[in-house]
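Engineer: One structure is given below, represented as structure tokens, and several questions about it will come after.
Residue numbers (the numbering used here), protein chains in the order written: chain U, 6 to 421; chain X, 5 to 295.
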């Protein structure tokens, strides 16, 4: 600290000599050193591509305003090719060789679960902008001292299910008098707790679950799946898809499956989804933490527009969270006055940051989802958007809604 | 109702598989090359057709045509940049050339796959259907484009049969597959025969890729599975046998569809692979294999 202040005050020779005396090349950060944040993400996937881009945007903004106590933020990106093994290697390299102070990583739960023990072993703060599995925060709760370095910067699957159900109650049950649903989820770590959440909350809001389909993320032909769903005659398909998205959506349209899709569809959160599906996405309803034209907080729209200006498209959901994460990491480092991992953890736990997705606070040590985002009114509730004429339109909650539900002509929205 | 649905879906899938495997087996039959970049060329065609339509805003037909042209270019690139240098090399012993070609095309395929992922992400792309809408066939709602796909596949396979059996060029190609040395003695430049075959291959793989892009959609992840499915169909039918591949494609297509509908879509490819293992035990040369 003394050293830091000395250097910040005036970069005098004495201070420099002092620094030499204390030893260059040690891990102790000097004031002029940048704060390094590693971003290990799926640069090639439409749901993950926004993560490094948004992080860089946030860092540029912070640096333009002078950085954190004079220290610039440097983003070091690693493409993990959607692979857990690649991510672990990147994580080790980031911490051991590139000496990063914190890590932002991935929209894939399997990746984050593979990295969580490494965050513990290497005592490095790690935040995920897009993975959802409940297991991430459960591990922190179970063995706090070991796993406290992991923070969940996106909603847990349990919260996602709640968010979808809250929206379904208003839009489908009250709005369209729907009574039955089929759950259609890809088989992955994050959908296990999601499906349990769906099965619990859908009947409570008045949607009877008439069938539950889990399919392999390798599926290319969805005809048999849609066929089976139609056989159950539901009013709506409740989705839990992230690794797949384009193919089921296009086939839903080509085969004119007459049932609306509503739920989590990660790929649909990125603006490029419209092009990828040749606008077969029209009518698809998806849960988002934010989105184009969606003023969740005063920060949402300026970020979305700046992102679009810089990268050509509106970000996916994990872009919003990744952007916020750089900001609240910087805020925590400022409050902690240090990049020491344990001090950062303590500061992050006290986070109360208004980001682009709402008010960010973390559940505490004694809560079930330790270090998960607090869900609820006044904090983060998520929103529901619908693809309409090639655009993403917010339709829920009412306060931020920009339009009415609108479906392509082959979809029959009537209660039986 | 379900039976009819399986019949229709299975037919479309089988026809597409047949078209995809046809070029693969033709190349092997004529020049002994097992082209493991097959899946990459199919995906490249579909992605090119997608990019033409959604980035350059061409109409669907032009987009599809661009996809096929790109596949033909990729096919020639495979031959001239990868296969021919290995075949002509003096430093690689003749008996090892097949392995070198196998490895070379595999790596070539991975390069194409990574480039597609780099420039167009690894998310699936779909080609806009040529014909939109659905028809009701005795209660089964069938996309018109699915019927179109099946028809195009059948017509192209028919044309290929005519080309090979009824035209002079085709007969030379056929002869080259039986006895390359004999064809050379008759005064035909073997190299020209290979160029014709790689051109035909490019058209077939490109068409199959574009149609698959319309029917199901493809991503850079599809490269491996597509090569594998063409490979297993061709091995099942008998390496180098065009009619064998045709039968094998129908068997695999229907077996997969039956599994997906009656058992579980997740187990789709398993029975076909088991069948392949069984056939390899009982009849290693494949259903209609000659060697």
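Where is the CB? At the ideal position from N, CA and C, for every residue including glycine. These numbers come from a predicted model, not from an experiment.
Assign residue 290 of chain U to buried or exposed, taking buried as 16 or more other Cβ atoms, counted over all protein chains shown, within 10 Å of its Cβ.
Structural biologist: The residue given as residue 290 of chain U occupies position 285 in the first chain. Flag for residue 290 of chain U reads buried.
Engineer: So which of U:224, U:184 and U:238 has the shortest CA-CA distance to residue 213 of chain U?
Structural biologist: On the first chain, position 208 is the one that residue 213 of chain U refers to. Closest by alpha carbon: U:184.
Engineer: Let me know the secondary structure DSSP gives residue 210 of chain X once reduced to three states.
Structural biologist: For the purposes of this step, residue 210 of chain X is taken as residue 206 along the second chain, with counting starting at 1. It is helical.
Engineer: Looking at chain X, which residues of the segment 94–118 of chain U have a Cβ within less than 8 Å of any of its Cβ atoms?
Structural biologist: none
Engineer: Please state the DSSP three-state secondary structure of residue 126 of chain X.
Structural biologist: For the purposes of this step, residue 126 of chain X is identified with residue 122 of the second chain, where counting begins at 1. If DSSP states are grouped into helix, strand and coil, residue 126 of chain X belongs with coil.
Engineer: Strictly under 9 Å for the Cβ-Cβ distance: is residue 280 of chain U near chain X by that measure?
Structural biologist: Here residue 280 of chain U is taken as the residue at index 275 of the first chain, counted from 1. For residue 280 of chain U, the answer is yes, since a Cβ of chain X falls inside 9 Å of its Cβ.
Engineer: At a CB-CB cut-off below 9 Å, which residues of chain X make contact with residue 226 of chain U?
Structural biologist: If you number the first chain from 1, residue 226 of chain U lands on position 221. Among the residues of chain X, those whose CB is under 9 Å from the CB of residue 226 of chain U are 13, 17, 219, 220, 260, 261, 264, 269 and 272, following chain order.
Engineer: Quick check on residue 290 of chain X: does DSSP put it in helix, strand or coil?
Structural biologist: Within the second chain, residue 290 of chain X is the residue found at index 286, counting from 1. Assignment of residue 290 of chain X by DSSP, reduced to helix, strand and coil, places it in the coil class.
Engineer: Alpha carbon to alpha carbon, how far is residue 35 of chain X from residue 199 of chain X? Give it in angstroms, no decimals.
Structural biologist: Translated into positions along the second chain, residue 199 of chain X becomes position 195. Translated into positions along the second chain, residue 35 of chain X becomes position 31. For residue 199 of chain X and residue 35 of chain X, the distance between alpha carbons rounds to 10 Å.
Engineer: Would you grab the beta carbon distance between residue 24 of chain X and residue 261 of chain X for me? Rounded to a whole angstrom, and I think it's under 8 Å.
Structural biologist: The count along the second chain starts at 1 and reaches residue 24 of chain X at position 20. The count along the second chain starts at 1 and reaches residue 261 of chain X at position 257. Not quite, the Cβ-Cβ distance comes to about 16 Å (not below 8 Å), so this is no contact.
Engineer: Using a Cβ-Cβ cut-off of 9 Å, state whether residue 229 of chain U counts as contacting chain X.
Structural biologist: Translated into positions along the first chain, residue 229 of chain U becomes position 224. For residue 229 of chain U, the answer is yes, since a Cβ of chain X falls inside 9 Å of its Cβ.
Engineer: Tell me, please, whether the CB atom of residue 221 of chain U is closer than 9 Å to any CB atom in chain X?
Structural biologist: Residue 221 of chain U sits at position 216 when you count from the first residue of the first chain. Closer than 9 Å: yes.
Engineer: Name the DSSP beta bridge partners of residue 265 of chain X, please?
Structural biologist: In the second chain, counting from the first residue as 1, residue 265 of chain X sits at position 261. Per DSSP, residue 265 of chain X has no beta bridge partner at all.
Engineer: Give a yes or no on whether the C-beta atoms belonging to residue 391 of chain U and residue 250 of chain U are separated by under 9 Å.
Structural biologist: Within the first chain, residue 391 of chain U is the residue found at index 386, counting from 1. Within the first chain, residue 250 of chain U is the residue found at index 245, counting from 1. No, these two residues do not count as a Cβ contact at 9 Å.
Engineer: Short of 7 Å Cβ to Cβ, which residues in the segment 51–74 of chain U face chain X?
Structural biologist: 51 and 54
Engineer: Counting only the same chain and skipping the five closest in sequence on each side, list residues whose C-beta sits under 7 Å from that of residue 50 of chain U.
Structural biologist: For the purposes of this step, residue 50 of chain U is identified with residue 45 of the first chain, where counting begins at 1. Cβ-Cβ distances below 7 Å link residue 50 of chain U to 87 in the same chain, with the five nearest sequence neighbours on each side left out; the list follows chain order.
Engineer: Who are the neighbours of residue 138 of chain X on chain U, taking C-beta pairs under 9 Å?
Structural biologist: Here residue 138 of chain X is taken as the residue at index 134 of the second chain, counted from 1. Residues of chain U passing the Cβ test: 259, 260, 261 and 415.
Engineer: How far does the beta strand (DSSP E) with residue 371 of chain U in it extend, from its first residue to its last?
Structural biologist: Within the first chain, the letter at position 366 stands for residue 371 of chain U. Segment: none, residue 371 of chain U is in no beta strand (DSSP E) and carries neither H nor E.
Engineer: What residue range does the alpha helix (DSSP H) around residue 17 of chain X cover?
Structural biologist: On the second chain, residue 17 of chain X is found 13 positions in, with the first residue counted as 1. Segment 6–35, the alpha helix (DSSP H) holding residue 17 of chain X.
Engineer: Taking buried to mean at least 16 other C-beta atoms within 10 Å of its own C-beta, is residue 90 of chain U buried or exposed?
Structural biologist: The residue given as residue 90 of chain U occupies position 85 in the first chain. Label assigned to residue 90 of chain U: exposed.
Engineer: What residue does the beta strand (DSSP E) around residue 389 of chain U start on, and which one ends it?
Structural biologist: Locating residue 389 of chain U in the first chain gives position 384, counting from the first residue. Taken as a continuous stretch (DSSP letters only), the beta strand (DSSP E) holding residue 389 of chain U covers 388–393.
Engineer: Could you compute how far the alpha carbon of residue 284 of chain X sits from the alpha carbon of residue 277 of chain X?
Structural biologist: Within the second chain, numbered from 1, the residue matching residue 284 of chain X stands at position 280. Within the second chain, numbered from 1, the residue matching residue 277 of chain X stands at position 273. Computed Cα separation, rounded: 11 Å.
Engineer: For residue 93 of chain X, count neighbouring Cβ atoms within 10 angstroms of its own Cβ and tell me buried if that reaches 16, exposed if not.
Structural biologist: Along the second chain, read from residue 1 onward, the residue named residue 93 of chain X stands at position 89. Per the 10 Å Cβ criterion, exposed.
Engineer: Would you say residue 236 of chain X reaches chain U, if we count a Cβ-Cβ gap shorter than 9 Å as a contact?
Structural biologist: Taking the second chain and counting its residues from 1, the one referred to as residue 236 of chain X is at position 232. Residue 236 of chain X has a beta carbon lying at 9 Å or more from every beta carbon in chain U.
Engineer: Among all the DSSP beta bridges, which residues are the ones paired with residue 334 of chain U?
Structural biologist: If you number the first chain from 1, residue 334 of chain U lands on position 329. For residue 334 of chain U, which the question treats as bridged, DSSP gives no partner whatsoever.
Engineer: Rounded to the nearest angstrom, how far is the Cβ of residue 364 of chain U from that of residue 385 of chain U, given a contact under 8 Å?
Structural biologist: Here residue 364 of chain U refers to the residue found at position 359 of the first chain. Here residue 385 of chain U refers to the residue found at position 380 of the first chain. The pair is a contact, with the Cβ atoms about 7 Å apart (cut-off 8 Å).
Engineer: With H, G and I counted as helix, E and B as strand and the rest as coil, what does DSSP make of residue 292 of chain U?
Structural biologist: As a first step, residue 292 of chain U is located in the first chain; it is residue number 287 there, counting from the start. It is a strand residue.
Engineer: Can the beta-carbon of residue 43 of chain U be found closer than 9 Å to that of residue 93 of chain U?
Structural biologist: Counting from one through the first chain, the residue named residue 43 of chain U turns up at place 38. Counting from one through the first chain, the residue named residue 93 of chain U turns up at place 88. Not in contact: residue 43 of chain U and residue 93 of chain U (Cβ atoms no closer than 9 Å).
Engineer: Closest to residue 60 of chain U by CA distance: which of U:314, U:323, U:346 and U:102 is it?
Structural biologist: The residue given as residue 60 of chain U occupies position 55 in the first chain. Among U:314, U:323, U:346 and U:102, the Cα nearest to that of residue 60 of chain U belongs to U:323.
Engineer: Could you say which of U:233, U:377, U:255 and U:245 lies nearest to residue 170 of chain U if we only look at CA atoms?
Structural biologist: Taking the first chain and counting its residues from 1, the one referred to as residue 170 of chain U is at position 165. For residue 170 of chain U, the nearest C-alpha among the options comes from U:245.
Engineer: Answer yes or no: the CB of residue 61 of chain U versus the heavy atoms of the ligand FAD, is any distance below 8 Å?
Structural biologist: Looking at this structure, you won't find the ligand FAD or any other ligand, since it has none at all.
Engineer: Apart from the five residues just before and just after residue 348 of chain U, which ones in its own chain have a Cβ nearer than 7 Å to its Cβ?
Structural biologist: Counting from one through the first chain, the residue named residue 348 of chain U turns up at place 343. For residue 348 of chain U, where only same-chain residues beyond five positions count, the Cβ hits under 7 Å are 341.
Engineer: Give the secondary structure of residue 306 of chain U by DSSP, where H, G and I count as helix, E and B as strand, and everything else as coil.
Structural biologist: The count along the first chain starts at 1 and reaches residue 306 of chain U at position 301. DSSP places residue 306 of chain U in helix when its eight states are reduced to three.
Engineer: When the Cα atoms are used, what is the spatial distance from residue 11 of chain X to residue 411 of chain U?
Structural biologist: Walking along the second chain from the start, residue 11 of chain X turns up at place 7. Walking along the first chain from the start, residue 411 of chain U turns up at place 406. So the alpha carbons of these two residues sit roughly 35 Å apart.
Engineer: What are the residues of the segment 147–179 of chain X that lie near chain U, defined by any Cβ-Cβ distance shorter than 7 Å?
Structural biologist: 147 and 149
Engineer: Closer than 7 Å by C-beta to residue 51 of chain X: which residues in its own chain qualify, once you throw out the five before and the five after it? Chain order, please.
Structural biologist: Position 47 of the second chain, counted from the start, is the residue given in the question as residue 51 of chain X. Once the five neighbours on either side are set aside, the close Cβ partners of residue 51 of chain X are 120, 124 and 129.
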